[in-house]
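Residue numbers (my numbering): 25 to 422. Think of the CB as a built atom: it goes at the ideal place given N, C-alpha and C, for glycine as much as any other residue.
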Amino acid sequence: MLVQKYKDMLSGKSVIRQLSEFAAQRGQEIGYENVFDYSLGNPSVPAPEEFTEVMIRMLKEREPRELHGYSPNPGIAHVRDAVAASLEKRFGIPYRREHIFMASGAAGALAHAFRLVTEPGDEILTFAPFFPEYHPYVDLTGAVLKVVPPDCEAFQINFNRFEEMLTPKVMAVLVNTPNNPSGVVYSEETLQRLGEILREKSAEYGHTIYLISDEPYREIVFDGAEAPCVSRFYNNTIMCYSFSKSLSLPGERIGYVAVHPECDGAEYMVPMCVQISRGTGHNCPPSIIQLAVAQVLDLTSDTSVYETNRSLLYNELTDLGFTCVKPGGTFYIFPRALEEDANVFCKKALKYDLVLVPGDTFGAPGFFRMAYCIDTEKVERSLPALRRFVEEEYKGRD
């Protein structure tokens, strides 16, 4: 007999994926270059040339078994050493090999982190707007994801509602900064207050409340800024990272879990991740990709195109009368729609071949997301369509 809960999920397909599929079908009709597809967050810039050179050199010079054989369960030892050294150099936290677990992207890292610190029935809090896949990621562990309503003015943390929802059943808090979908970077003040509250409530409830930090966009930050390191503000932090965005390697599925060295139970967590892998299938990520990223840890793709696209869209949207928090990073922008129902708004946009994602599944009804990881030339060509959409559908609005 087929498992009903997975059959039920067939009717709840990702809105983002549905819109991406629509864009692909529409592209077959009119040419994909004429579809202004802002649906899917798939990096549009190439991996660094150094990464390509490393791959070619290894394929030519190293033994096939080293490149293509199974890696040790927690990851290749010297790769974990390199990751730890890079994190210590950047953030001043003394990570070591025993704190690093190589994972199949950020999704694989999160799959381990949730299972490290929750039992079925425990609660995890996250903050809207949030990545919709957090629901299946958490719910299918048996834990329960609860969402703190958004601070729609700045998309920082709504601390009043957070403290109301932070009950003894909460075992972990999940943050994503820089944030998908808002593009907002949590400030040092936000993270400092978050850490203070978690320390206070952990003491009050008599158990550690862990902070799980989902950080795939950490290196994509604009205006010369840097994203504050979440782990510096709270010792009981489990960092989940992916090279998908920083190195433009989403298809390679490589990332890691980094357990803060002073985290409660830190000495058990990586060995526990090995055991968790036996049940999730997120074990032994590709050896060749581990070896390659270890040699380019301090590099990123040229992500300047994302900042250019951000500025083009933000300036146009605000000029057209949209309310919008200016993104500090990522490749997403999250304006308020021009009518209450963002689903209706986004459906109207399709008539102009503008593929926008309504914000309901992100926990922020009335907003919509644009993933601007596309060529700047295409962004520029989309602006007249955006203006025409607004003028024809919403002209005469107060």
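Inter-residue spacing [alpha-carbon to alpha-carbon] between residue i and residue j
i      : j      : result
Tyr418 : Glu212 : 39 Å
Pro67  : Ile244 : 11 Å
Gly36  : Lys29  : 11 Å
Ala290 : Ala133 : 16 Å
Cys176 : Phe346 : 14 Å
Gly275 : Gly129 : 9 Å
Ile357 : Tyr56  : 22 Å
Gly99  : Ala127 : 8 Å
Ser384 : Leu91  : Reading off the sequence, residue 384 comes out as Asp, not Ser. Roughly 43 Å between the two C-alpha positions.
Glu364 : Lys402 : 28 Å
Met25  : Asp32  : 14 Å
Ala167 : His136 : 13 Å
Leu273 : Leu64  : 15 Å
His231 : Glu143 : 14 Å
Ser301 : Leu169 : 21 Å
Asp288 : Val39  : 38 Å
Asp238 : Leu218 : 15 Å
His284 : Phe138 : 15 Å
Gln121 : Glu340 : Before going further, note that residue 121 is Arg rather than Gln in the sequence given. Taking the straight line joining both Cα atoms gives about 47 Å.
Ser328 : Ser255 : 26 Å
Pro240 : Ala409 : 31 Å
Phe355 : Leu323 : 18 Å
Thr191 : Gln319 : 44 Å
Coil, strand or helix - residue i by DSSP
i      : result
Ser44  : helix
Gly132 : helix
Glu492 : Residue 492 is absent from the structure shown; the chain starts at 25 and stops at 422.
Met293 : helix
Arg120 : coil
Glu87  : coil
Pro240 : coil
Asn333 : helix
Pro382 : strand
Glu147 : strand
Asp365 : coil
Val209 : coil
Val245 : strand
Ile233 : coil
Ala101 : helix
Leu34  : helix
Gln319 : coil
Asp422 : Model confidence at Asp422 stands at a pLDDT of 48, short of 50, so the residue's coordinates are unreliable and nothing is read from them.
Per DSSP, cross-strand counterpart(s) of residue i
i      : result
Phe154 : Paired residue(s): none; Phe154 is not in a bridge.
Phe355 : DSSP, once it has assigned bridges, lists no residue as partnering Phe355.
Leu410 : The partner list for Leu410 (beta bridge, DSSP) is empty, contrary to what the question assumes.
Asp343 : BP columns for Asp343 are empty, so no partner.
Cys423 : Nothing in the structure corresponds to residue 423, since the chain is present only between 25 and 422.
Asn200 : Asp238
Leu26  : Paired residue(s): none; Leu26 is not in a bridge.
Phe125 : Val281
Met394 : Ile357
Asp61  : Val379
Val172 : Phe151
Val194 : Glu147
Test item: CB-CB of residue i and residue j under 8 Å
i      : j      : result
Asn97  : Phe155 : no
Val379 : Val59  : yes
Tyr234 : Val103 : no
Gly248 : Gly353 : no
Tyr396 : Leu337 : yes
Ala316 : Val78  : yes
Val349 : Ala152 : no
Tyr280 : Tyr265 : yes
Ala282 : His123 : yes
Local Cβ density within 10 Å of residue i, reported as buried at 16 or more and exposed below that
i      : result
Asp422 : Here Asp422 scores only 48 on pLDDT, less than 50, and its place in the model should not be relied on; the value that follows carries that caveat. Classification for Asp422: exposed.
Ile117 : buried
Lys269 : buried
Val414 : buried
Glu7   : No information on residue 7 is available, as it lies outside the stretch 25 to 422 that the chain covers here.
Gln10  : Nothing in the structure corresponds to residue 10, since the chain is present only between 25 and 422.
Glu250 : exposed
Gly93  : exposed
Asp343 : exposed
Ala292 : The sequence as given places Tyr at residue 292; Ala does not occur at that position. Exposed.
Arg393 : buried
Arg41  : exposed
Gln299 : exposed
Asn200 : buried
Leu43  : buried
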